[in-house]
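Engineer:
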Amino acid sequence: QYFYGQGVSIEQLVLDLHNGNILADLGRWLLDAVAIIIIIIALSGMIIWSRRGG
4 QYFYGQGVSI EQLVLDLHNG NILADLGRWL LDAVAIIIII IALSGMIIWS RRGG
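Put into structure tokens, the structure is as follows:
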């Protein structure tokens, strides 16, 4: 299967999105920032939950 018939497979497109290669260095920085934000949100949620007595 090819994405719009341009010779780029769907697997390659998904891999590039996953690795941040779509936007070059900006994509990698963006993925790192999003990952850090998700970790902070998860940790703060666990802290709030543990203080309320779970």
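If you read the sequence shown in my numbering, its first letter stands for residue 4, the second for the next number, and so on. Glycine is no exception: its CB is placed at the ideal position from the N, C-alpha and C atoms.
(1) Out of curiosity, what's the CA-to-CA distance linking residue 34 and residue 21?
(2) Between the Cα of residue 23 and the Cα atoms of 42, 37, 12, which residue gives the shortest distance?
(3) Whole angstroms is fine: what's the gap from residue 47's alpha carbon to residue 30's?
Structural biologist: Quick answer:
(1) 9 angstroms
(2) 37
(3) 26 angstroms
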